[in-house]
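Notes to accompany the following structure.
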Amino acid sequence: MGVKLAYETWGEGSRPLVLLHGFTGSRGAFDGLRPLLGRHVRAVAVDLPGHGATPLPDQRGRDGFLETVGALVSLVDSLGQGPVDLLGYSQGARVALAAAVRAPDRFGRLIMESGSPGLHRRQERAARREADGQLAAFIRTRGVDAFVDRWEQLPLFAGLRQLPQERKDALRAMRGACTAEGLAGALECLGLGVQPDFWPELHAQRLPTLLLTGAADAKFTQLARRMATELPVVWRHAFEGCGHAPHLESPEAYAREVLGFLQTPWYEAPQFDSPLAAGEGRVTS
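Under the numbering used here, residues 39 to 323 are what the sequence shown spells out, in order.
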């Protein structure tokens, strides 16, 4: 039957907004945005496979990734709300893009925070699968606490180390609630090395798209710039003083960008006959 995604809803608005967390997160990863977004949206906060209450897919590798994308589309269908908006962070941004590519008629707008369309070269994907396999083995052997100690020291998360102690403790507790098999399995079915390459699909992606990054996260800000040259209808913003997780590092500014994007009237993107013509009608900032 395939994996079923656990989720919860919050917010008083009528506009559905599906929230997809990053690796080591859960449906509670965006709880800090509740007082900022709750009056405007009806959030559907999802546990991705291997996290929270959602089990791992039946399959691993690329098939497991596609199984997860299918489960997300099925969840959206079950909501009975018509086209919904998607917001994903990091791992969740990659899943969100995949769902938008697979079933664009189910979605209204796409927000990707610190996301990637995938690795373009086969050798890069193979190297990433090997690295993720080694990390999965570390998690299974050493356990979640040892892994989180290592994970939190990555330069990518330097901005999170500047958070107030109470918020750092809450983030650590969420990460520590993961299981070793859940995290290891998530690397094997949702990792960048098994994700299909969606770069060739971007020019045909008609959903209005917002790309968010932290300006201090040079790698993902550069990725966002590259994506913005391929997407027909796109808005991009980099938060000054933020790293990989602006929704945690600067939640007020983050919420303003999200709401500004969701509340902006958009024209229907024109249909282009060739990728070259897709540059017309692009909106960037």
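Every residue, glycine too, gets a C-beta built ideally from N, C-alpha and C.
Helix, strand or coil at V41 according to DSSP, with G and I counted as helix: Counting from one through the sequence shown, the residue named residue 41 turns up at place 3. If DSSP states are grouped into helix, strand and coil, V41 belongs with coil.
Contact check, L55 vs V84, beta carbons under 9 Å: The residue given as residue 55 occupies position 17 in the sequence shown. The residue given as residue 84 occupies position 46 in the sequence shown. No, they are not a contact pair.
Extent of the continuous alpha helix (DSSP H) run through E204: To locate residue 204, count along the sequence shown from 1; it is residue 166. Here the alpha helix (DSSP H) through E204 covers 203-214.
Contact under 9 Å by Cβ, T62 with L221: Walking along the sequence shown from the start, residue 62 turns up at place 24. Walking along the sequence shown from the start, residue 221 turns up at place 183. Going by C-beta atoms, T62 is nearer than 9 Å to L221.
Cβ-based burial, S116 [other Cβ within 10 Å; buried from 16]: Here residue 116 is taken as the residue at index 78 of the sequence shown, counted from 1. Its Cβ having fewer than 16 others within 10 Å, S116 is exposed.
Under 9 Å between C-beta atoms of A276 and G298: In the sequence shown, the residue the question calls residue 276 occupies position 238. In the sequence shown, the residue the question calls residue 298 occupies position 260. Taking 9 Å as the Cβ cut-off, A276 and G298 do not qualify as a contacting pair.
Cβ-based burial, A164 [other Cβ within 10 Å; buried from 16]: Residue numbering aside, residue 164 sits at position 126 when the sequence shown is read from its first letter. Label assigned to A164: exposed.
Among A224, G99, T47, A266, nearest to G21 - alpha-carbon criterion: No answer is possible for residue 21: the residues shown for the chain start at 39 and end at 323.
Distance CB(A138)-CB(L148) smaller than 9 Å: On the sequence shown, position 100 is the one that residue 138 refers to. On the sequence shown, position 110 is the one that residue 148 refers to. Result yes, Cβ atoms of A138 and L148 sit closer than 9 Å.
With 16 other Cβ atoms within 10 Å as the buried cut-off, status of T217: Locating residue 217 in the sequence shown gives position 179, where the first residue counts as 1. Counting Cβ neighbours within 10 Å, T217 comes out exposed, since fewer than 16 surround it.
Member of L104, L248, V272 whose CA lies at the smallest distance from the CA of D235: Along the sequence shown, read from residue 1 onward, the residue named residue 235 stands at position 197. Here the closest residue by C-alpha is L104.
Residue(s) in a DSSP beta bridge with Y127: For the purposes of this step, residue 127 is taken as the residue at position 89 of the sequence shown. Its beta-bridge partners are E151.
Three-way DSSP call (helix, strand, coil) for L192 in this model: On the sequence shown, position 154 is the one that residue 192 refers to. Correct three-state label for L192: coil.
Spatial neighbours of R53 in its chain, beta-carbon cut-off 6 Å, leaving aside the 5 residues before and after: Start at 1 with the first residue of the sequence shown, and residue 53 comes out as number 15. Closer than 6 Å at Cβ, skipping near neighbours: V79.
Identity of the residues DSSP links to F145 by a beta bridge: In the sequence shown, counting from the first residue as 1, residue 145 sits at position 107. BP columns for F145 point to V122.
Where the alpha helix (DSSP H) through P289 begins and ends: One-based indexing of the sequence shown puts residue 289 at position 251. P289 -> alpha helix (DSSP H) spans 289-300.
Whole runs of the beta strand (DSSP E) within the segment 225-266, excluding any shorter than 3 residues: 247-252
Alpha carbon of C227 to alpha carbon of T92, nearest angstrom: Within the sequence shown, numbered from 1, the residue matching residue 227 stands at position 189. Within the sequence shown, numbered from 1, the residue matching residue 92 stands at position 54. Whole-angstrom Cα-Cα distance: 13 Å.
F195 versus L157, S152, A169, residue with shortest Cα-Cα distance: In the sequence shown, residue 195 corresponds to position 157, counting from 1. For F195, the nearest C-alpha among the options comes from S152.
C-beta contact flag for G281 and A254 at 9 Å: In the sequence shown, residue 281 corresponds to position 243, counting from 1. In the sequence shown, residue 254 corresponds to position 216, counting from 1. Yes, Cβ-Cβ distance for G281 and A254 is below 9 Å.
Bridge-paired residues (DSSP) for T47: Mapped onto the sequence shown, residue 47 falls at position 9. DSSP output for T47 lists V82 as bridge partner(s).
Closest Cα partner of Y292 within the set K206, P73, P202: Looking up residue 292 in the sequence shown gives position 254. Out of K206, P73, P202, P73 has the C-alpha closest to the C-alpha of Y292.
8 Å contact criterion, which M212 and G66 should meet: CB distance rounded: By 1-based counting over the sequence shown, the position of residue 212 is 174. By 1-based counting over the sequence shown, the position of residue 66 is 28. With a Cβ gap of about 6 Å, M212 and G66 count as contacting.
V272 (DSSP reduced to helix, strand or coil): To locate residue 272, count along the sequence shown from 1; it is residue 234. V272: strand per DSSP, three-state reduction.
Three-way DSSP call (helix, strand, coil) for L29 in this model: As shown, the chain starts at 39 and ends at 323. That puts residue 29 outside it, with no answer to give.
Status (buried if at least 16 other CB within 10 Å, exposed otherwise) for A256: Here residue 256 refers to the residue found at position 218 of the sequence shown. A256 is exposed by the Cβ-count criterion.
Same chain, Cβ closer than 8 Å to V41, neighbours up to 5 away in sequence not counted: As a position in the sequence shown, residue 41 is number 3, starting the count at 1. Closer than 8 Å at the Cβ level, and outside the excluded window around V41, lie P87, T92, P93, L94, P95, D96, E105, T106, A109.
Residues near R140 by beta carbon distance below 6 Å, same chain, minus five either side: Reading the sequence shown from its first residue, position 102 is the one you call residue 140. So the qualifying residues of the chain are V107.
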